[in-house]
Every structure is written in C-alpha cells, then in structure tokens.
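Only one structure is covered here, and it is reproduced in the block below.
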Amino acid sequence: MDLPLADAEATTRLGASVAELLAPGDAVLLTGDLGAGKSTLARGLVRALTRPDEDVPSPTFTLVQFYEGRLPVAHFDLYRLTDPDEAYELGLDEALDEGAAVVEWPQRLGSRLPPDRLDIDLCETGEGRTARLVPHGSWKGRSLEF
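When we follow the working numbering, the leftmost residue of the sequence shown carries the number 64, and every step to the right adds one.
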C-alpha cells in the first residue's frame, strides 16, 4: 500500500496511527534515504505510546533508545552497524519479547528480520513523501487503512 505524506506532520501522524496497531513482538522497519523522514515517523510512533511531549532523539550515536508506555518500545538506528549480530547484542530480541521495536536502517539485519513486522519505505516525491507499507507475519491480518 502506498500512502502520500504531504509534510512532516503527516509523517508524524502515520507513526501515531501505526502505534495504535502495535502488539508485543511487533517490529516496524523503516527504510529510506537520509532525511526521508524515518526519525520523524519513529518519533510519532513513540509519542503515541508514551506522551505527546516525550523527548525522542534519533539514536544515531546511542544506537538504541528504550521507552516505557502503553507498550514498551525500543527505537533502533542501525546505520552504523556492520554485522547483523550487533543489533541483537543491543537488545533487539529482548525488546521484541517485552514490547515492540521500531528500526531505522533494517538492511543492516541482513536476513535476520523479525517475522512479525511492518516494512515502511519512505521516498521523497515532488509534493512531499510517499510511504510504502508492506506487512509480514501477523501484520498481514491487520487493517492498514490510514
């Protein structure tokens, strides 16, 4: 499914809408070029699960940030990783056992992708962005009407 996103606010709203569908064990995998809106979408998702004013920095240097809320969620940025095992050393399995995970740059996981996941690819267009949503595992049975 392709969704047009006119601006950063629309990207944030998509993140909040996806958060409403999250269940324990779910992963949301975000792909797109630098500046495509991955962190903006992740921020909307995390704030929908915690507080509207939650400080949600991009974990580019910390690699992962953990948040407590309606559902515990971990925000991973794997851009600087070179081996899929490093993501699991950071606690990806534990995050999925306890709650959900939103992962930027999931390509770094190679073939070790979580089975219950929603892939969201963000692409710049002339009038904003487009989000392509591809469900896997348990996500296939969920309504993705946003």
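A virtual CB, placed ideally from N, CA and C, is assigned to each residue, including glycine. Just so we're clear, the structure is a prediction, and the values are computed from it rather than from any experiment.
Cβ neighbours of Pro178 within its own chain (closer than 7 Å, five residues either side excluded): His199, Gly200. Counting along the chain, Leu112 sits inside the alpha helix (DSSP H) bounded by residues 101 to 112. Note that the region 165 to 182 touches the region 133 to 146; at least 3 beta-carbon pairs, one per stretch, sit closer than 8 Å. Ranking Arg76, Gly100, Gly107, Val81 by CA distance to the CA of Thr188 puts Gly100 first.
By the criterion of a C-beta distance shorter than 7 Å, Pro147 is surrounded in its chain by Arg171, Leu172, Gly173, Arg175, once the five residues flanking it on both sides are discounted.
With respect to Ala82, Ala111 sits close: the two C-beta atoms are nearer than 8 Å. With distances taken between CA atoms, Glu161 lies nearest to Tyr130 out of Leu181, Lys203, Tyr130, Trp202. Excluding the 5 residues flanking it on each side, Gly88 has same chain C-beta neighbours closer than 6 Å at Leu159, Asp179, in chain order. Rounded to the nearest angstrom, the gap between the Cα atoms of Glu208 and Leu84 is 11 Å.
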